[in-house]
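Asks:
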Amino acid sequence: MSGERTGAVGARWTGRVLDLWAGLVLLYLFLPIFVIIAYSFNKPEGRFNFVWKAFSLDAWRDPFLFPALVDAMKLSLQVAAVSTTVATLFGALIALALCRYTWKGSGTIGLLLVLPLTTPEVVLGSSLLSLFLSANYATGFSTIVIAHIMFSVSYVALTVKARIKGFDWTLEEAAMDLYATPWRVVTKVTLPLIAPGIAAAAMLSFALSLDDFVITLFNAGSRVTYPLYVYGARRAAFPPQINVLATAILAGSLVLLGLTVLWQNRTLKQAGD
Amino acid sequence: MAGIAAGGGRRSRLAPWLLVAPGILWLLAFYFIPTLPWYDGYARTFTDYHEHLARSFGYALTATIAAIVLGYPLAYVMAFRAGKLKNLLLGLVILPFFTTFLVRTFAWKTILNDGGPVVHLLGWLHLLPPAGRILNTVVAVIGGITYNFLPFMILPIYVSLEKIDRRLTEAAQDLYCNPRQAFLKVVLPLSLPGVLAGSLLTFIPASGDFLNAELLGSPNQKMLGSVIQGQFLTVRDYPLAAALSFVLMTIIMILVISYTRVLGTEDLA
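Residue numbers (our numbering), protein chains in the order written: chain A, 3 to 275; chain B, 7 to 275.
#1: Under the DSSP definition of a beta bridge, which residues are partnered with Phe57(A)?
#2: Based on the DSSP output, what are the partners of Phe240(A) in its beta bridges?
#3: So what's Asp171(B) in DSSP terms, helix, strand or just coil?
#4: Taking all protein chains shown into account, do 16 or more other C-beta atoms lie within 10 angstroms of the C-beta of Ser78(A), making it buried, or fewer, making it exposed?
#5: What did DSSP end up calling His132(B) once you bin it into helix, strand or coil?
#6: Can you check whether the C-beta of Asn119(B) is within less than 8 Å of a C-beta belonging to chain A?
#7: Output, in chain order, the set of chain B residues within a Cβ distance shorter than 7 Å of Val124(A).
#8: On the premise that Tyr233(A) lies in contact with Leu108(B), defined as a C-beta separation below 8 Å, what is that separation, rounded to the nearest angstrom?
#9: By Cβ distance, which residues of its chain are closer than 7 Å to Val144(B), with the 5 residues on each side in sequence left out?
#10: So, with DSSP's three-state summary, where would you put Val226(A)?
#11: With a threshold of 16 other CB atoms inside 10 Å of the CB of Gln277(B), please say whether the residue is buried or exposed.
#12: Along chain A, which residues have their Cβ under 8 Å away from the Cβ of Trp32(B)?
#13: Using only CA atoms, which one of Ala137(B), Val193(B), Ala249(B), Ile163(B) lies nearest to Glu176(B)?
#14: Let me make sure I understand the geometry here. Which of Ile260(B), Pro28(B), Ala85(B) has the alpha-carbon closest to that of Leu167(B)?
#15: Give me the residue from Val241(B), Ile210(B), Pro195(B), Val26(B) with the minimum Cα distance to Pro118(A).
#16: Expressed to the nearest angstrom, what Euclidean distance is found between the alpha-carbon atoms of Met259(B) and Thr121(A)?
#17: Pairing CB atoms from the region 147–166 of chain B with CB atoms from the region 96–105 of chain B, are three or more of them under 8 Å?
#18: Between Ile74(B) and chain A, is the shortest Cβ-Cβ distance under 8 Å, so that the two count as touching?
#19: Between which two residues does the alpha helix (DSSP H) holding Asn218(B) run?
#20: Within 8 Å, do at least three Cβ pairs link the region 203–223 of chain A to the region 124–144 of chain A?
#21: By DSSP, does Thr141(A) sit in helix, in strand, or in coil?
#22: When the Cα of Leu259(A) is compared with those of Leu28(A), Ala204(A), Ser42(A), Ser211(A), which residue comes out closest?
#23: What does the alpha-carbon distance come out to for the pair Ile200(A) and Leu127(B)?
#24: Can you look up Tyr55(B) in the DSSP assignment and give me helix, strand or coil?
#25: Cβ of Met3(A) less than 8 Å from any chain B Cβ?
#26: Measuring alpha carbon to alpha carbon, tell me which of Thr70(B), Pro136(B), Met255(B) ends up nearest Gly121(B).
#27: When the Cα atoms are used, what is the spatial distance from Lys55(A) to Glu47(A)?
#28: By the criterion of Cβ-Cβ separation under 7 Å, what are the contact partners of Ser85(A) in chain B?
#29: Looking at the structure shown, is Lys167(A) part of a helix, part of a strand, or coil, going by DSSP?
#30: Curious, which full-length alpha helix (DSSP H) runs of at least 4 residues does the region 106–160 of chain B contain?
#31: If we ignore side chains and look at the alpha-carbon of each, how far apart do Leu98(A) and Lys163(A) end up?
#32: Thinking C-beta only, is Ala21(B) closer than 8 Å to Tyr103(A)?
#33: Is the CB of Phe169(A) under 8 Å away from at least one CB in chain B?
#34: Could you check whether Leu230(B) and Leu59(B) sit closer than 8 Å to each other, using their CB atoms as the reference points?
#35: For Thr192(A), would you say it is in contact with chain B, using Cβ-to-Cβ distances shorter than 8 Å as the test?
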């Protein structure tokens with residue numbers, strides 16, 4: 003009896019310790035985020051925003067003060083837009099194939115998709131650069147986009163695949179039985195079913211592209227994306243505007259994420275009706 | 007088995023190939039061809055750069071273990087104890103990674119700086135000798151690597167814990183297991199695929215990482231990734247750099263293939 007009671011007390015304490023531990027780990031995850039946001043309100047002494055000096059709204063009032071930083075951000079957004087479009091198309095088609103068909107090659111395709119995810123970025127970036135060098139192909143906008151599509155395809159394919167694995171494909175047959183043309187089946191049945199998965203994958207691909215540093219470092223030539231600008235800033239000047247833009251990206255992704263969740267809930271509800 | 011397209015004949019057999027063709031051809035052209043070995047100077051990796059190689063895998067291993075220790079309990083709390091807060095916690099785990107990775111690493115520089123709060127706190131607790139530092143040490147580098155890849159550890163563990171049928175732990179307790187035994191004999195073994203997947207997703211990118219070592223460490227913490235990057239972009243000894251990265255990838259590939267042989271690729275995705 004008393005043994006059981008100590009067991010219960012012990013379990014309660016273990017639970018509390020676990021909760022505390024989880025809280026501390028979350029704090030660890032958020033510590034740099036707090037610092038990034040706080041230091042966007044800093045008025046640094048000198049050119050480097052690494053030491054707290056005084057509260058100020060200067061950087062928020064003038065986020066586009068540095069043209070080079072703005073250009074870098076623009077380039078990053080352009081690259082992300084192009085690479086996300088292409089990678090989402092390629093990846094969604096692969097996912098569709100893997101979910102709808104089981105054929106001799108499907109196991110191999112699955113392995114091929116995982117390989118780029120399990121290759122360190124420095125290897126991906128450097129080997130891609132050697133390809134461009136041996137082909138005498140000048141690095142620049144096109145090579146950044148090629149690289150970003152390359153590492154995004156797998157993420158998109160696996161995300162879409164995970165989302166559409168459990169779908170009831172007999173709905174397509176039902177539509178065909180009801181005299182829908184193949185085109186109408188695709189636009190009225192297949193696409194609405196897989197759209198939320200594709201949207202999630204596209205967001206992931208966009209975020210990955212916007213954030214990529216290592217692979218871009220190798221293949222950017224003389225072009226400077228936002229992460230490359232930040233990397234260079236450690237030598238020349240690290241203005242609080244970098245933190246302002248980082249905070250803005252965070253806020254933007256939060257809004258997008260919220261909208262996607264809302265939209266997916268609505269789609270699920272409609273599918274349920 | 008051609009799935010639902012069984013009646014479609016030849017066209018349906020071609021269909022999957024046509025669907026995967028654009029993406030896979032892209033990967034062939036821009037991933038597989040460039041990563042093939044074209045050079046014979048691999049010996050230098052093991053003679054000149056064995057320290058960097060050892061550091062890369064040593065740091066990656068330490069960071070992986072640290073990520074399990076930090077991440078497993080959090081994943082457990084999310085799966086079993088959070089109740090309605092589950093999705094919120096899931097969002098919170100992913101949220102930090104919507105800010106740029108480089109800016110986050112620079113934030114760690116601020117936090118761990120010599121005059122910074124962490125150094126003050128540890129000095130006050132007498133855990134750090136006076137004038138001791140964290141920035142530019144192994145601790146900062148491994149801490150940074152752990153931080154960067156922690157979500158890749160937490161999420162697969164969470165997924166595998168979430169899949170466990172709750173009735174199994176109840177059954178274990180009905181059969182006179184105490185909570186500790188129920189965890190060790192039921193929950194832990196069932197969550198191992200998640201731990202293994204998370205370990206791979208942490209260990210592999212960590213072993214190729216060089217930014218944490220470069221921004222948070224001193225030259226004494228340089229990893230193989232730094233050497234590859236330097237040889238490629240500064241020294242421009244392309245064949246050597248290619249050999250270095252090929253060696254790094256071969257070691258990793260052996261690990262991945264043995265992993266997928268044992269456990270399949272499902273849990274990686």
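Ideal Cβ placement from N, Cα and C applies to all residues, glycine included.
Replies: Looking at the atomic coordinates:
#1: Asn44(A)
#2: Phe50(A)
#3: coil
#4: buried
#5: coil
#6: yes
#7: Gly214, Phe216, Gly231, Ile234, Gln235, Ser251
#8: 6 Å
#9: Gln227
#10: coil
#11: Within the shown structure, residues of chain B are numbered from 7 to 275, placing residue 277(B) beyond reach of any answer.
#12: Phe92, Ile151, Met152, Val155
#13: Val193(B)
#14: Ala85(B)
#15: Ile210(B)
#16: 8 Å
#17: yes
#18: no
#19: 217–222
#20: yes
#21: coil
#22: Ala204(A)
#23: 46 Å
#24: coil
#25: For Met3(A), the pLDDT reaches just 42, beneath the cut-off of 50, and the residue's location in the model is therefore unreliable, leaving the point undetermined.
#26: Pro136(B)
#27: 7 Å
#28: Those do not exist, as Ser85(A) stays about 11 Å from chain B at its closest Cβ, beyond 7 Å.
#29: coil
#30: 107–118, 123–130
#31: 7 Å
#32: yes
#33: no
#34: yes
#35: no
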